[in-house]
């Protein structure tokens with residue numbers, strides 16, 4: 009058999025390390041040449057790849073297609089990968105200690121233990137191996153590498169494939185280093201690559217892709233198999249290709265959680281980031297209104313919780329509700345206090361936007377046993393400093409973290425709008441409450457909507473604002489209304505003096521609109537259907553006197569009556 013040598017056709021040294029950069033061969037998105045005709049063809053090959061097929065761990069299934077669901081596939085695949093790494097690590101350590109300089113001879117073949125890479129080995133041409141030049145074949149399997157690793161790496165069979173080292177090296181840093189490490193064996197012809205039986209089909213697909221830039225498989229489980237193997241052998245272009253195909257398939261909750269549960273080495277790869285981002289966006293959109301799916305969200309794994317609660321568009325009553333829910337989730341999934349504190353410190357805490365929590369709830373954070381004693385004061389202090397800043401500074405802080413994966417200062421789309429409260433105890437119990445509504449929020453009220461504020465307290469009683477779009481019964485046009493309600497229901501009575509005001513052009517000062525007094529009973533509210541005395545169209549007009557930089561500023565002063 010005549011085998012063409014690399015120098016006869018190519019110069020491997022021309023594949024520079026710089027080609028591995030995003031702008032080089034491994035990161036290029038440009039159309040690459042199709043060498044599919046040369047795959048496993050001895051006429052266009054300079055080396056022979058011996059793929060040694062080893063059995064999967066007994067605890068795992070041999071084929072991802074046997075799994076009852078895509079999630080089962082992921083668990084089995086991840087476990088097989090971890091078991092394989094453990095086996096390789098055990099064998100490598102044993103060989104280094106007991107036999108690091110002694111070559112193993114099995115069935116007439118010599119295998120040298122290489123300190124730099126225990127996964128792939130290169131040998132000289134064996135005299136007793138028959139080759140079928142243009143097709144993948146099974147070679148007679150030898151039982152093991154040596155008597156030392158007999159129980160770990162039993163070889164089921166060997167697949168023989170003709171390869172072109174420049175093509176593989178151009179696609180993969182793994183193969184580039186394997187073929188150009190400067191050692192004597194890097195110039196030899198036969199390369200041995202051990203893989204689990206569950207990885208065999210994926211590896212063949214991967215090798216074919218490195219020639220043809222395409223895959224024949226389209227099923228999610230098969231694509232994930234190839235993605236995992238492509239990560240293992242550092243073929244970024246194939247990872248990007250699989251990621252794109254998976255992203256184009258219909259997304260489900262199960263598949264999205266599966267993608268986010270891939271090994272960290274895969275998820276951290278730039279080629280897989282678009283797939284991970286798509287999975288996060290799917291979960292965030294599906295569970296946007298957490299109140300409708302509380303039981304489902306409560307059963308999500310940590311990766312799903314992070315995807316949902318890192319969203320700016322999360323529809324929750326308030327950030328207090330986010331805190332309460334995550335506390336409940338953590339106590340359900342991490343019953344041990346030490347583990348719960350750790351997950352709050354490293355993962356869950358960054359999902360809570362403490363600056364938008366109420367002061368009453370922040371006080372509870374300080375005494376919550378689920379938070380580390382050093383962390384709780386820091387997040388509460390940061391939240392209080394933010395609340396004390398001017399609106400301009402608050403907006404600046406929020407804009408600075410616009411591109412951050414986890415945001416602290418940016419306000420979500422709360423169902424109950426945040427308020428700012430200044431309280432006085434003397435000479436009389438009094439509070440001044442500020443409520444800001446964006447023009448878009450007001451526009452969504454038409455023709456009959458309403459929006460509520462978060463609760464605030466005065467004299468031990470809970471109160472809230474509600475803004476409405478009403479039909480003025482006398483004038484028969486829509487208008488803006490504002491009401492003040494008391495939360496407590498029952499026989500409780502509470503008398504207050506109140507005054508409603510709003511910022512108005514041109515001075516942009518707060519101008520009083522209505523004042524009066526009212527004795528509240530449980531569930532009652534007081535307010536005005538037409539706060540500004542103008543039609544809705546005038547109130548919402550571009551030249552409206554009440555929107556300053558797109559924001560309606562409302563204020564209420566409440567004083568407990570003696």
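In our numbering, the protein residues as written are 9 to 570. Note that beta-carbon positions come from the ideal geometry of N, C-alpha and C, so glycine has one too. Owing to the predicted nature of the structure, the values given are computational and were not obtained by experimental measurement.
Cα-Cα, which of 479, 163, 441 and 456 is closest to residue 563?
Among 479, 163, 441 and 456, the Cα nearest to that of residue 563 belongs to 441.
Taking 8 angstroms as the cut-off, does the region 414-434 touch the region 355-367 (at least 3 CB pairs, one atom from each stretch)?
As far as the Cβ criterion goes, the region 355-367 touches the region 414-434, which means the pair count is three or higher.
Going by CA-CA distance only, name the one from 61, 255, 233 and 186 that's closest to residue 167.
For residue 167, the nearest C-alpha among the options comes from 61.
Please state whether DSSP places residue 508 in a helix, a strand or coil.
The three-state secondary structure of residue 508, taken from DSSP, is strand.
What did DSSP end up calling residue 341 once you bin it into helix, strand or coil?
In the three-state reduction of the DSSP assignment, residue 341 falls in the helix class, which pools H, G and I.
Can you tell me which of the three DSSP states residue 41 falls into?
Residue 41 falls in the coil class under three-state DSSP.
Sheet register partners of residue 440 (DSSP bridge):
When beta bridges are read from the DSSP output, residue 440 appears opposite 430 and 565.
Between the region 210-219 and the region 264-280, are three or more C-beta pairs nearer than 8 angstroms?
Contact between the region 210-219 and the region 264-280 is absent, because fewer than three Cβ pairs lie under 8 angstroms.
Under three-state DSSP, which class holds residue 415?
Of the three classes helix, strand and coil, the one that applies to residue 415 here is coil, per DSSP.
Out of 164, 42, 163 and 170, point me to the one whose CA is closest to residue 51's CA.
For residue 51, the nearest C-alpha among the options comes from 170.
Can you name the residues that DSSP bridges to residue 403?
The partner list for residue 403 (beta bridge, DSSP) is empty, contrary to what the question assumes.
Does the region 41-51 touch the region 218-226, meaning 3 or more C-beta pairs lie closer than 8 angstroms?
Between the region 218-226 and the region 41-51 there are three or more C-beta pairs closer than 8 angstroms, enough to call the two in contact.
Following a CB-centred definition, is residue 216 positioned closer than 7 angstroms to any heavy atom of the ligand HEM?
The ligand HEM is not among the ligands present in this structure, which contains no ligands whatsoever.
Let's test the definition: count the other Cβ atoms within 10 Å of the Cβ of residue 400 and tell me whether it reaches 16, buried, or not, exposed.
With fewer than 16 Cβ atoms within 10 Å of its Cβ, residue 400 is classed as exposed.
Report, in whole angstroms, the separation of the C-beta atoms of residue 7 and residue 355, which I expect to be a contact under 8 angstroms.
There is simply no residue 7 to check, as the chain begins at 9 and stops at 570 in what is shown.
Only counting the same chain, and skipping five residues up and downstream in sequence, which positions put a Cβ closer than 7 angstroms to that of residue 553?
Closer than 7 angstroms at the Cβ level, and outside the excluded window around residue 553, lie 512 and 513.
Under the three-state reduction of DSSP, which class applies to residue 204: helix, strand or coil?
Judged by DSSP in its simplified three-state form, residue 204 adopts strand.
Residue 238, DSSP secondary structure in three states:
In the three-state reduction of the DSSP assignment, residue 238 falls in the helix class.
How is residue 144 classed by DSSP in three states: helix, strand or coil?
The predicted model places residue 144 with a pLDDT of 40, which falls under 50 and marks its position as unreliable; any figure quoted below should be read in that light. In this structure, residue 144 counts as coil in the three-state DSSP scheme.
Can you grab the Cα-Cα spacing for the pair residue 176 / residue 226, in whole Å?
About 23 angstroms.
At what residue ranges does the region 471-500 contain a whole run of the beta strand (DSSP E), taking only runs of 3 or more?
Here the runs fully enclosed are 485-494.
Measure the C-alpha to C-alpha separation of residue 468 and residue 378 and round it to an integer number of angstroms.
So the alpha carbons of these two residues sit roughly 27 angstroms apart.
Is there a C-beta anywhere in chain D that falls below 8 angstroms from the one on residue 450?
Included in the structure is just one protein chain, with no chain D present.
For residue 216, write down the residues that DSSP places opposite it in a beta bridge.
Answer is none; residue 216 lacks a bridge partner.
Decide if the region 401-415 is in contact with the region 521-539; the criterion is three or more beta carbon pairs, one per stretch, under 8 angstroms apart.
In short, these stretches do not touch, since the Cβ pair count stays below three.
As a quick exercise: from 478, 245 and 453, pick the residue whose alpha carbon is nearest that of residue 536.
Answer by Cα proximity: 478.
Contact under 8 angstroms by Cβ, residue 235 with residue 250
Residue 235 is a Cβ neighbour of residue 250, given a cutoff of 8 angstroms.
Determine the direct distance from the alpha carbon of residue 385 to that of residue 375, and round the result to whole angstroms.
Straight across, the Cα-Cα distance linking residue 375 with residue 385 is about 10 angstroms.
Closest to residue 476 by C-alpha separation, out of 484, 326, 450 and 519, would be which residue?
Measuring from the Cα of residue 476, the nearest candidate turns out to be 450.
Quick one: complete alpha helix (DSSP H) runs, 4+ long, within the region 286-370?
Taken in chain order, the complete alpha helix (DSSP H) segments of 4 or more residues contained in the region 286-370 are 302-306, 310-317, 327-341 and 345-351.
Helix, strand or coil: how does DSSP classify residue 23 here?
Because residue 23 carries a pLDDT of 40, less than 50, the predicted location of this residue cannot be relied on, and the following value inherits that uncertainty. In the three-state DSSP reduction, residue 23 falls in the coil class, being neither helix nor strand.
Which of helix, strand or coil does DSSP assign to residue 454?
In the structure shown, residue 454 sits in coil (DSSP, three-state: anything other than H, G, I, E or B).
How would you write the range of the beta strand (DSSP E) that residue 272 sits in, first residue to last?
Segment 272-275 is the alpha helix (DSSP H) holding residue 272; no beta strand (DSSP E) there.
Output the distance between the C-alpha atoms of residue 187 and residue 237, rounded to the nearest integer angstrom.
Here the alpha carbons of residue 237 and residue 187 stand approximately 19 angstroms from one another.
Keeping to the same chain, check which residues put their C-beta closer than 6 angstroms to that of residue 287; ignore five residues upstream and five downstream.
Scanning its chain for C-beta atoms nearer than 6 angstroms, with the 5 sequence neighbours on each side dropped, one finds around residue 287 the residues 264, 267 and 268, in chain order.
Who are the Cβ neighbours of residue 208 in its own chain at under 8 angstroms, not counting the five residues just before and after it?
Its chain contains 59, 61 and 167 as the residues whose beta carbon lies nearer than 8 angstroms to that of residue 208, once the 5 sequence neighbours on both sides are disregarded; these appear in chain order.
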